[in-house]
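In what follows, a single structure is set out as structure tokens and then discussed.
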Amino acid sequence: MGSDDDKELMEAPPKGTFAVMFIYGAIALALWLFFYFGIFLSRGPVN
Amino acid sequence: MSDATKPSGLALAHMWIAFLLFAVAALLGLYQVLERAELIPVWDLGYYSSVTSHGAIMGFVLTTLFISGFGYYTAATSLKMEVPMKGVAWLGWILMVGGSVLAAVFMLTGQAAVLFTFYPPLTAHVGFYIGATLLVVGSWLWVLVMIVMMGQWKKANPGQVVPLAMFGTAINALLWFWTSLGVAIEVLTQIIPLALGLVDTIDVGLARTLFSWTLHPIVYFWLLPAYITLYTIVPKAAGGRLISDEMARIAFIMLVVFGLPIGFHHLYMDPFQAEGWKILHMVGTMLVAIPTMITGFTVIGSLEIAGRLRGGKGLFGWISKVDWSQPVVLAAGFAMLMLTIGGFGGLINASYSLNVVVHNTQWVTGHFHLIFGGTVVIMYMGAAYYIWPSVTGKELASLGRARTQLWLWFIGMCTLTLPWHALGLQGQPRRTAFSPYATEFVQSWWTAEYLMVLGGAILVLSAVLFVFNLAIGGGPAASREVEYAEAVHQPVSLPNSLNGFTLWNWIIAISMIVAFGYPVAQFWMMPTYDPVMWGF
Chain A
68 MGSDDDKELM EAPPKGTFAV MFIYGAIALA LWLFFYFGIF LSRGPVN
Chain B
8 MSDATKPSGL ALAHMWIAFL LFAVAALLGL YQVLERAELI PVWDLGYYSS
58 VTSHGAIMGF VLTTLFISGF GYYTAATSLK MEVPMKGVAW LGWILMVGGS
108 VLAAVFMLTG QAAVLFTFYP PLTAHVGFYI GATLLVVGSW LWVLVMIVMM
158 GQWKKANPGQ VVPLAMFGTA INALLWFWTS LGVAIEVLTQ IIPLALGLVD
208 TIDVGLARTL FSWTLHPIVY FWLLPAYITL YTIVPKAAGG RLISDEMARI
258 AFIMLVVFGL PIGFHHLYMD PFQAEGWKIL HMVGTMLVAI PTMITGFTVI
308 GSLEIAGRLR GGKGLFGWIS KVDWSQPVVL AAGFAMLMLT IGGFGGLINA
358 SYSLNVVVHN TQWVTGHFHL IFGGTVVIMY MGAAYYIWPS VTGKELASLG
408 RARTQLWLWF IGMCTLTLPW HALGLQGQPR RTAFSPYATE FVQSWWTAEY
458 LMVLGGAILV LSAVLFVFNL AIGGGPAASR EVEYAEAVHQ PVSLPNSLNG
508 FTLWNWIIAI SMIVAFGYPV AQFWMMPTYD PVMWGF
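Same order as they appear, the protein sequences are chains A and B.
Reading the first sequence from the start, the letters are residues 68 to 114 in my numbering.
Reading the second sequence from the start, the letters are residues 8 to 543 in my numbering.
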């Protein structure tokens, strides 16, 4: 692969990384909401 | 660089002690899970002494010695200059090792079963605290050498960009100095006088407040060498470039500035700090997600570059093209996986309301083992495998065995910690030798507990194999040169704020006064009462 090709690859937006970060963020948000509504609130107040 | 500027002796002396004690601490961990699962006779004193030893060795000794040794190495190799003040550096090593041995004597003989968090009114033999103090004082000498070294380099290279590896190492030295002040004040002014019998009582609220000063940012002190490796070594080893040098510096700075004044999220359930202060610290804790996400983005982005340079196509096709055969790259992959799971656990811990669900349960143990044992330690292992040929002059005997060891560590850590998260949600308390209540309920934990034992056994196997891999030698002669990753656009000049720490030191000082000033001062402003007898 030529150095111009390498430069182009290195300067291209990291689409895969954006996708990985988005998926992780979505999973983390969904799990947090599950914890809040599904576990914390559903267990009720401390007696 | 000439061999004379290689800090091999200093680096090896620090790291060997760290790794040998690490193997001992791993064995103690196995003893603890065997006892918790009641597969061996319950022995309270043995268990709590072991918990103290395991935590203190892993959290204070392994980390401080590895970080110092790795720091000398990265400083000398990235600045291409000799470590100055060698006598001071070796004095620091003597104090750290001597202090660790002194503390270990009292931990291993059952005279210091106070957990590594020093929680009063539990009191250990004064020798334990003196040993811990010597360890910290020795580490401050490392801080001094790192700061002097960076100053000398900047003076000799005016206007030049400090190499990223050194920037990260020096800001970690700064972080450690600020971090360790809290526990130093607590131990010197409260705990040692109590252990010596000079005072009869101790203000537990003040002690825990001061320890919380140290308790959270110490995690970032542990983590920063892992991040330095992820930013400056992994992209190179993977055959790519760092996606952004400036982004890495910003992440280091944010981690230090945001990470220092947030310790009260360890005190959410403690009564002596008001809710407002806890919420302030909670906001700071959540801000740490920003540098963590920046790190995730930068490291994954750098791996994506490496994968695409090796022919990876599509949205995810680059992942399989990354050169995972390099131990440090494989370690980085595992570290990022465990950071994502452990990071989510931390998000739950840090949420003021949700914390009550998991507070002081085995969930917390699972969380910090994933962050520390997972992300931090596996990157220490990866970093050691990468630099070992350079410091010893010999290649590793077997890269395959190094990869096997890392796989075992990853599998063992997941097998150990994921059941702990489940047990924590069921309410299993942490730091208990046994659970002598609600027999039927406790029996429902057994499957998870046997998995925990299996995970612990795999981890011990991995720890021993790690030390063996480093000790065995036998590989061909290696180059003593070390190369750090270059950024896609290597900076040629930077503003002072990204090339030094003066501004950040002032910001840290102000934020620490804001976050801890009144919460500490209140202990002298509020009336206190004598303890009341139980039953009255």
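Just so you know, even glycine gets a beta-carbon here, dropped at the ideal spot from N, CA and C.
Since the structure is predicted, the reported quantities are computational estimates derived from the model, not experimental observations.
Stretch-stretch touch, CB-based, cutoff 8 Å, three pairs: the stretch 428-446 of chain B with the stretch 508-525 of chain B: Not touching, per the Cβ criterion.
Counterpart residues of B/LEU4 in DSSP-defined beta bridges: Nothing can be reported for residue 4 of chain B: it is not among the residues displayed for chain B, which extend from 8 to 543.
Selection from B/MET345, B/LEU213 and B/ASN362 that minimises the alpha carbon distance to B/HIS272: Ranked by how close their Cα comes to the Cα of B/HIS272, the residues B/MET345, B/LEU213 and B/ASN362 have B/ASN362 in first place.
Contact residues within the stretch 305-333 of chain B, judged by C-beta distance below 7 Å to chain A: Going along the stretch 305-333 of chain B in chain order, one finds ILE307, GLY308, GLU311, ILE312, ARG315, LEU316, LEU322, PHE323 and TRP325 with a Cβ nearer than 7 Å to chain A.
Contact the stretch 481-499 of chain B vs the stretch 248-264 of chain B: 3+ CB pairs below 8 Å: Flag = yes, the stretch 481-499 of chain B and the stretch 248-264 of chain B touch.
Under 7 Å by beta carbon: chain A residues contacting B/THR208: Residues of chain A passing the Cβ test: none, with the nearest at roughly 30 Å.
From B/HIS21, B/VAL121 and B/TYR54, residue whose alpha carbon lies closest to that of B/LEU98: The residue with the shortest Cα to Cα distance from B/LEU98 is B/HIS21.
Within-8 Å CB hit, A/PRO112 to chain B: A/PRO112 does not count as touching chain B.
Cutoff 8 Å: B/LEU337 Cβ touching any chain A Cβ: Output row for B/LEU337: interface = no.
Short Cβ contact (8 Å threshold) for B/VAL90 with B/ALA82: At the C-beta level, B/VAL90 and B/ALA82 come within 8 Å of one another.
Contact with chain B by A/GLY83, beta-carbon distance below 8 Å: Yes - at least one Cβ of chain B is within 8 Å of the one on A/GLY83.
DSSP beta-bridge partners of B/MET484: The amino acid at residue 484 of chain B is misidentified as Met; the sequence shows Ala. Residue pairing by DSSP puts B/ALA484 in a beta bridge opposite B/LYS401.
Outcome for B/ILE479 when other beta-carbon atoms lying within 10 angstroms are tallied against a minimum of 16: So B/ILE479 ends up on the exposed side.
Which residues DSSP lists as bridging B/PRO165, in chain order: The partner list for B/PRO165 (beta bridge, DSSP) is empty, contrary to what the question assumes.
Strand pairing of B/PRO436, partner residues [DSSP]: According to DSSP, which records beta bridges pairwise, B/PRO436 is partnered with B/THR368.
Beta-carbon contacts of B/HIS374 that lie in its chain and below 7 Å, excluding the five residues immediately before and after: Excluding residues within five positions, the ones whose Cβ falls inside 7 Å are GLY349, GLY352, GLY353 and ASN356.
Beta-carbon neighbours of B/VAL495, restricted to chain A and to distances below 8 Å: Within 8 Å Cβ-Cβ: MET77 and GLU78.
B/VAL295 in three-state terms, based on DSSP: If DSSP states are grouped into helix, strand and coil, B/VAL295 belongs with coil.
Bounding residues of the alpha helix (DSSP H) (the contiguous stretch that carries B/LEU109): It spans 93-115 - the alpha helix (DSSP H) in which B/LEU109 sits, taken as one unbroken run.
Sequence-distant residues of the same chain with beta carbon closer than 8 Å to B/PRO483, five excluded per side: Answer for B/PRO483: LYS401 and GLU402, listed in chain order.
Minimum Cβ-Cβ distance from A/ILE106 to chain B less than 8 Å: Under the Cβ criterion of 8 Å, A/ILE106 is counted among the residues facing chain B.
Of the residues B/MET459, B/SER469 and B/ASN179, the one placed nearest B/PHE77, counting alpha carbons only: Proximity to B/PHE77 across B/MET459, B/SER469 and B/ASN179 peaks at B/ASN179, based on C-alpha coordinates.
Neighbour flag for B/MET8 against chain A, beta carbons, 8 Å: Note on B/MET8: pLDDT 48, under 50, position unreliable in the model; no value is reported.
CB contact check: A/ALA97 to chain E, cutoff 8 Å: The structure shown contains no chain E; its protein chains are A and B.
Nearest candidate by alpha-carbon position, reference B/TYR80, set B/TYR393, B/GLY212 and B/TRP50: In terms of Cα proximity to B/TYR80, the closest of B/TYR393, B/GLY212 and B/TRP50 is B/TYR393.
Proximal residues to B/PRO242 (C-beta, below 7 Å), its chain only, five neighbours per side dropped: Closer than 7 Å at Cβ, skipping near neighbours: ARG248, LEU249, SER309, ALA313 and ALA492.
Test item: CB-CB of B/ASP233 and B/VAL336 under 8 Å: In the sequence on display, residue 233 of chain B carries Ala and not Asp. No, these two residues do not count as a Cβ contact at 8 Å.
Bounding residues of the alpha helix (DSSP H) (the contiguous stretch that carries B/TYR525): From DSSP, the alpha helix (DSSP H) with B/TYR525 extends over 509-532.
Under 8 Å between C-beta atoms of B/GLY158 and B/PHE259: No. Outside cutoff.
Member of B/TYR275, B/VAL264, B/MET276 and B/GLU311 whose CA lies at the smallest distance from the CA of B/GLY291: Closest option to B/GLY291, Cα to Cα, is B/VAL264.
The alpha helix (DSSP H) enclosing B/TRP453, as first and last residue numbers: Per DSSP, B/TRP453 belongs to the alpha helix (DSSP H) from 453-479.
Counted within 10 angstroms of its Cβ, other Cβ atoms place B/ILE101 as buried (16 or more) or exposed: Counting C-beta atoms within 10 angstroms of its own C-beta, B/ILE101 has fewer than 16 neighbours from the protein chains shown and is therefore classed as exposed.
B/TRP220 beta carbon less than 8 Å from that of B/GLY270: In this structure, B/GLY270 sits near B/TRP220, with a CB-CB distance shorter than 8 Å.
Contact check, B/LEU28 vs B/ILE64, beta carbons under 8 Å: Yes, these two residues count as a Cβ contact at 8 Å.
Beta-carbon contacts of B/ILE297 that lie in its chain and below 8 Å, excluding the five residues immediately before and after: Non-local beta-carbon contacts of B/ILE297 in its own chain, meaning distances under 8 Å to residues more than five positions away in sequence, involve MET261 and PHE265 in chain order.
For B/GLY105 and B/GLY204, the rounded distance between their alpha carbons: Roughly 24 Å separates the two Cα atoms.
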